[in-house]
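Since the structure comes first, as structure tokens, the remarks are kept for the end.
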Amino acid sequence: MMALRICSALSSSNIISSAPINAPHLNLAQIHKEPSLIASKCTVSRRKLDLSLVAVALAGSLLNIGDAIAEQGQDLANELDRYTDSEEGFTLLKPHSWNKVEKAGANVLFEEGGNNIGVVVTPVRLSKLSDFGTPQFVADKLIQAEKRKESTNDARLIEFKERSGQGGLEVYEFEYEVDSSRGGLKKIFSAAFVASKKLYLLNIAHSDKPENPIDAHTRLMLESVLHSFDLAPSA
91 MMALRICSAL SSSNIISSAP INAPHLNLAQ IHKEPSLIAS KCTVSRRKLD
141 LSLVAVALAG SLLNIGDAIA EQGQDLANEL DRYTDSEEGF TLLKPHSWNK
191 VEKAGANVLF EEGGNNIGVV VTPVRLSKLS DFGTPQFVAD KLIQAEKRKE
241 STNDARLIEF KERSGQGGLE VYEFEYEVDS SRGGLKKIFS AAFVASKKLY
291 LLNIAHSDKP ENPIDAHTRL MLESVLHSFD LAPSA
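Residue numbers (my numbering): 91 to 325.
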């Protein structure tokens, strides 16, 4: 299992002003003496109206986008279950349809076809993950370890980042691709943190072949799993 090998080495803004659009105030003297002023004020008024119409249209579009995001989020909530290991003290979301299987060395493993989500917890001498290195340093080590495998044709780092977990915990996240002779092209999402002198490692491997790439919904689901990996809240 890949996780074992790794162990070893919008708030909304106010778009439309609530102030009314005032029509230009003109008197008869201005009409006879300053015709150009009339045209100028009318032009300014039309511009204000045009800008207001644009703002209304933009606000409507943003509302539609917000509704779509909320609907998609609800769909994901229906597809994901919370899994918590109280003994080892970690928690994450997992796809409802993925089955839990037993495998030596893995604290928990979920599978769906050739795709899997696994967690490994290993004792370490570190107090926090940054004692080992920066996110980039760890990412480079991951890619080097992948490239050393005989079955690996290529490995490419896509992204790495750091986020805060439970109680300000340092959590590193990684995304990379591995082209292997034992399964073709796969997308790997990984997250790691150290707590209580233990290394917690999440590894998500999903097929991402050119003829059948990961669709947007599946990717969002896997990212939700990745971002959910954390220490279990204390009782």
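For every residue, glycine included, the Cβ atom is placed at its ideal position computed from N, Cα and C.
{"Asked": "Beta-carbon spacing of V209, F227 below 9 angstroms", "Found": "no"}
{"Asked": "Distance, V315 Cα to F200 Cα", "Found": "12 angstroms"}
{"Asked": "V214 and V284 closer than 9 angstroms at C-beta", "Found": "yes"}
{"Asked": "Distance CB(L321)-CB(K277) smaller than 9 angstroms", "Found": "no"}
{"Asked": "Alpha carbon of I207 to alpha carbon of I294, nearest angstrom", "Found": "4 angstroms"}
{"Asked": "6 angstroms CB neighbourhood of S280 in its chain, flanking five on each side removed", "Found": "F264, N293"}
{"Asked": "Among V261, R246, I233, the one whose alpha carbon lies nearest that of E252", "Found": "V261"}
{"Asked": "Best match in S217, R309, V268, Y173 for proximity to S241 [C-alpha to C-alpha]", "Found": "V268"}
{"Asked": "Alpha carbon of S271 to alpha carbon of T308, nearest angstrom", "Found": "24 angstroms"}
{"Asked": "Inter-residue Cα distance where the pair is N205 and H317", "Found": "18 angstroms"}
{"Asked": "Cβ-based burial, D298 [other Cβ within 10 Å; buried from 16]", "Found": "buried"}
{"Asked": "Supposed contact pair N197 and D175 - C-beta distance, whole angstroms, cut 8 angstroms", "Found": "6 angstroms"}
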